[in-house]
Amino acid sequence: ELALWCDFRVMEESAYLGVYCRRWGIPLIDGGTVRLPRLVGEGRALELILTGRQVMAEECERLGLCEYVVPDGQSREKAEELAHQIAAFPQLCVQADRRSVRKQHGLSVRDALTQEWYNSRPVLEAEGISGANRFSSGEGRHGKFDQQ
21 ELALWCDFRV MEESAYLGVY CRRWGIPLID GGTVRLPRLV GEGRALELIL TGRQVMAEEC
81 ERLGLCEYVV PDGQSREKAE ELAHQIAAFP QLCVQADRRS VRKQHGLSVR DALTQEWYNS
141 RPVLEAEGIS GANRFSSGEG RHGKFDQQ
């Protein structure tokens, strides 16, 4: 269940996940019945929860339980690479987008879009002008960023 609380997951090729508490009659109590269906859909979540079967990394990636599968011994390197990539971007923007994704659950599309606007507007005012100026000067064109 701990992995389900992460924004995204990196698994090594030999790694696996499973709802093993099922085998001992222990219910999910740390968000597994909430987060798992949001990641993989209700039907697949029920199948994984009720069977308690082992799910290897390759299948986890296909199901949306992880975003990256890397060779054994390289998960920390990949996680740190992702952390540095995200840390290189303007953090007010990163945090606003993450907040918008998290807060949209249970909202209608209209309400989620309204919430996104009110959540993002202060960031747009604070960082958007400088970001637009950097873009117009050539930075970040064609998806290429010079990240330090």
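Just remember that this note's numbering sits 20 ahead of the position in the sequence shown, which is counted from 1. Glycine residues also receive a C-beta, built at the ideal position from the N, C-alpha and C atoms. Nothing here was measured: the structure is a model prediction, and the numbers come from that model.
Less than 8 Å between the C-beta atoms of residue i and residue j, yes or no?
i, j, result
"V60", "L85", "yes"
"Q105", "S120", "no"
"G151", "P91", "no"
"V39", "I69", "yes"
"A65", "L112", "no"
For residue i, verify whether its CB is less than 7 Å away from any heavy atom of the ligand FMN.
i, result
"P142", "Among the components modelled here there is no ligand, and therefore nothing to report on the ligand FMN."
So the alpha helix (DSSP H) residue i belongs to, where does it begin and stop?
i, result
"V54", "G52 to V60"
"E17", "Outside the displayed span of the chain (21 to 168) sits residue 17, for which this structure offers no information."
"E136", "V129 to V143"
"G84", "No alpha helix (DSSP H) holds G84; DSSP gives it neither H nor E."
"R154", "I149 to S156"
Which word fits residue i, buried or exposed, when buried means at least 16 other C-beta atoms lie within 10 angstroms of its C-beta?
i, result
"Q168", "Confidence is the limiting factor: at Q168 the pLDDT is only 44, short of 50, which leaves the residue's position unreliable, though a coordinate-based value still follows. Classification of Q168: exposed, given that the 10 Å Cβ count is below 16."
"R169", "Any question about residue 169 goes unanswered here, given that the chain covers just 21 to 168."
"L127", "exposed"
"V75", "buried"
"S95", "buried"
"V143", "buried"
Residue i bridges to which residues according to DSSP?
i, result
"V75", "L37"
"V121", "None, per the DSSP bridge assignment."
"V89", "M31"
Apart from the five residues just before and just after residue i, which ones in its own chain have a Cβ nearer than 7 Å to its Cβ?
i, result
"W25", "G51 and R55"
"I49", "none"
"R73", "G38"
"N153", "none"
If you drop the 5 nearest sequence neighbours on each side, which residues of the same chain put their C-beta closer than 8 Å to that of residue i?
i, result
"E100", "none"
"N139", "A116, R119, S120 and K123"
"E33", "A77, E78, V89, V90, P91 and D92"
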